[in-house]
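K.L.:
When the letters of the sequence shown are read in order and numbered with this note's numbering, they come out as residues 43 to 352. Idealized CB from N, CA, C, for every residue including glycine.
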Amino acid sequence: MSAWGIVLIVLGVLALIILCASVRIVKQATAVVVERLGKYCKTLETGIHLVIPFFDRTSKPISLKEIVADFNPQPVITKDNVTMQIDTVVYFQITDAKLYSYGVDQPIRAIENLTATTLRNIVGELELDQTLTSRDTVNTKMRTILDEATDPWGIKINRVELKNILPPKDIRDAMEKQMRAERERREQILKAEGEKKSTILVAEGEKAAKILKAEADKEAKILAAEAEKATKIAEAEGESKAIDLINKSNPVPAYVTLQGFEALKKLADGQSTKIIVPSEIQNVTGLLASITETIKTDKPEGKKKSGKGE
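1) Assuming I197 contacts Y142 under a Cβ cut-off of 8 angstroms, what Cβ separation, rounded to an integer in Å, is found between them?
2) Is P117 near I60, with beta carbons less than 8 angstroms apart?
3) With DSSP collapsed to three states, give me the class of D212.
4) On the CB-based measure, 16 or more other CB atoms within 10 Å of its CB, does D171 come out buried or exposed?
5) Please look up how many angstroms separate the CB atoms of I119 and L161, rounded, as I've assumed it's under 8 angstroms.
6) Let me confirm a value: A73 is counted as buried when at least 16 other C-beta atoms fall within 10 Å, else exposed. Which label applies?
7) Starting from the Cα of P194, find the closest Cα among K205, T182 and A152 and give me that residue.
8) Whole angstroms is fine: what's the gap from A45's alpha carbon to G54's?
9) Going by C-alpha to C-alpha distance, which of N114, A139 and G236 sits closest to E390?
10) Since R190 is in the alpha helix (DSSP H), which residue starts that stretch and which ends it?
11) So K121 and E169 are supposed to be a Cβ contact under 8 angstroms. How far apart are they, rounded?
12) What's the gap between the Cα of A284 and the Cα of I264?
13) Just to check my reading of the structure: I109 and Q135 have Cβ atoms closer than 8 angstroms, yes? What is that Cβ distance to the nearest angstrom?
14) Per the DSSP calculation, E224 is bridged to which residue(s)?
15) Taking 8 angstroms as the threshold (C-beta atoms), are I207 and L156 in contact?
16) Do V68 and G89 have their C-beta atoms closer together than 8 angstroms?
17) Given this structure, state the Cα-to-Cα distance separating A57 from A111, to the nearest angstrom.
18) With DSSP as the reference, label L204 as helix, strand or coil.
19) Can you tell me where the beta strand (DSSP E) holding T130 begins and where it ends?
20) Can you pull the DSSP bridge partners for S105?
21) How should T179 be labelled, buried or exposed, when 16 other C-beta atoms within 10 angstroms of its C-beta is the threshold for buried?
22) Could you give the DSSP three-state label for P149: helix, strand or coil?
23) So, with DSSP's three-state summary, where would you put K239?
24) Give me the DSSP bridge partner(s) of E229.
25) Per DSSP, K81 forms a beta bridge with which residues?
Written as C-alpha cells, this is what we have:
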C-alpha cells in the first residue's frame, strides 16, 4: 500500500470521527444548550442536530419534565411564638433551558432556600390554629411567590404542598387532650339526644294507647246504650201489641181475674211498701171489675209510652 493510500485512510477515519462528534441526538422531553467558543449559541430540542466539533460545546441534557423536590423540615415560628417543623414538596418544571443554565447557580438549592424563607414569612403571620387549618391558603401563597421569583430562572412552579406540620410535643399532647375532650362531649350530646328521642317516643306511645282506649270505651258505651234503647223499644212494642190483642179478643172475666191476681202478685213482690186499694171495692168481684177498668184505661197510656220509646 502506498503512502497516499495510508493518508487517505487516516483522513477518512478522521472525517468519520469528526462526523460522529458533530452529531447530537436529543431525546424526548429534554433540551441541550450549545456554546460556541464559550458563548451561548443555541438550544437543541428533540431530534438530530449537527454541531461544529472543537468549537461548539454542548451541555448535559436538561429534563423538561415536571420535577418533584422534597425538602427537609424547616423550623418555623408562628405569630403566637410556637416553633414548628414544616417540610414542603415543590413541583416545578423547566420551561427555558437557556435561563435555567445561566439564570442562577444551583437552581434546586436556590429553590429550597427560597421556599424556606417564603414559608417563614407566611407562617409568621398566622397563629398555630390558623396554620393547621389553612394549608390550602399557605400552599397557594407560596406557589404564587415562588413562581414569580423563579420565572427569571426559566422555572415554573406548578404546586407547593406542606407535607408535614409538627408542633412541639407539649402542644401535640394538649391538642390530643382537646380532641379527646371534644369527642367525649359529642358522645354525651349524642347519648342525651338518644335518650330524649326515646322518652318522646315512649310518651307518644302511651298517649296513643290512652286515646285508643278512650275511643274504644266510648264506642262500647254507645253500642251498649243503643242496645238498651233497642231492647226498651222492643219491650214497649211487645206490651203495646199484647194489650191490643187482649182488648180485641174481649177477655172473659176469669182471664181478667187471673191477670188481676198476677198484677197483685207483681205489686206485692215490688219495692213499694204500700198498696192503695179503692175503698168502694168490698169483694172480689168489685176488685176484678176495678182491675178490668184499669187494663182498659192503661191501653192509651201504653201506646203513648211506646211512641216515646220510639
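P.N.:
The short version:
1) The residue labelled residue 197 in the question sits at position 155 within the sequence shown. The residue labelled residue 142 in the question sits at position 100 within the sequence shown. Rounded, the Cβ-Cβ distance is 6 angstroms, consistent with contact.
2) Taking the first residue of the sequence shown as 1, we reach residue 117 at position 75. Taking the first residue of the sequence shown as 1, we reach residue 60 at position 18. Judged by their CB atoms, P117 and I60 are not nearer to each other than the 8 angstroms cut-off.
3) Position 170 of the sequence shown holds residue 212. DSSP places D212 in helix when its eight states are reduced to three.
4) By 1-based counting over the sequence shown, the position of residue 171 is 129. With fewer than 16 other Cβ atoms within 10 Å, it is exposed.
5) If you number the sequence shown from 1, residue 119 lands on position 77. If you number the sequence shown from 1, residue 161 lands on position 119. Not confirmed; about 11 angstroms, so no contact.
6) Residue 73 sits at position 31 when you count from the first residue of the sequence shown. Under a 10 Å Cβ-count criterion, A73 is classified as buried, with 16 or more other Cβ atoms of the shown protein chains found around its own Cβ.
7) Start at 1 with the first residue of the sequence shown, and residue 194 comes out as number 152. Answer by Cα proximity: A152.
8) In the sequence shown, residue 45 corresponds to position 3, counting from 1. In the sequence shown, residue 54 corresponds to position 12, counting from 1. Approximately 14 angstroms, taken between the alpha carbons.
9) As shown, the chain starts at 43 and ends at 352. That puts residue 390 outside it, with no answer to give.
10) One-based indexing of the sequence shown puts residue 190 at position 148. It is Glu, not Arg, that sits at residue 190 in the sequence shown. DSSP places E190 in the uninterrupted alpha helix (DSSP H) bounded by R177 to T192.
11) To locate residue 121, count along the sequence shown from 1; it is residue 79. To locate residue 169, count along the sequence shown from 1; it is residue 127. That belief holds up - the Cβ atoms of K121 and E169 are roughly 5 angstroms apart, short of 8 angstroms.
12) Here the question's residue 284 lines up with position 242 in the sequence shown. Here the question's residue 264 lines up with position 222 in the sequence shown. A284 and I264: Cα-Cα distance of roughly 30 angstroms.
13) For the purposes of this step, residue 109 is taken as residue 67 along the sequence shown, with counting starting at 1. For the purposes of this step, residue 135 is taken as residue 93 along the sequence shown, with counting starting at 1. About 7 angstroms separates the two Cβ atoms, so the contact holds.
14) Here residue 224 is taken as the residue at index 182 of the sequence shown, counted from 1. Answer is none; E224 lacks a bridge partner.
15) Within the sequence shown, numbered from 1, the residue matching residue 156 stands at position 114. Within the sequence shown, numbered from 1, the residue matching residue 207 stands at position 165. For the 8 angstroms CB-CB criterion, L156 and I207 do not form a contact.
16) Here residue 68 is taken as the residue at index 26 of the sequence shown, counted from 1. Here residue 89 is taken as the residue at index 47 of the sequence shown, counted from 1. Yes.
17) Stepping through the sequence shown from its first residue, residue 57 is reached at position 15. Stepping through the sequence shown from its first residue, residue 111 is reached at position 69. Cα to Cα, the separation comes out at about 44 angstroms.
18) As a first step, residue 204 is located in the sequence shown; it is residue number 162 there, counting from the start. Strand.
19) Your numbering for residue 130 matches position 88 in the sequence shown. Residues T125 to I136.
20) Within the sequence shown, numbered from 1, the residue matching residue 105 stands at position 63. Answer is T72.
21) As a position in the sequence shown, residue 179 is number 137, starting the count at 1. Its Cβ having fewer than 16 others within 10 Å, T179 is exposed.
22) Position 107 of the sequence shown holds residue 149. Taken through DSSP and simplified to helix, strand or coil, P149 comes out as helix.
23) Taking the first residue of the sequence shown as 1, we reach residue 239 at position 197. If DSSP states are grouped into helix, strand and coil, K239 belongs with the helices.
24) If you number the sequence shown from 1, residue 229 lands on position 187. Partner(s): none; E229 has no beta bridge.
25) As a first step, residue 81 is located in the sequence shown; it is residue number 39 there, counting from the start. According to DSSP, which records beta bridges pairwise, K81 is partnered with R78.
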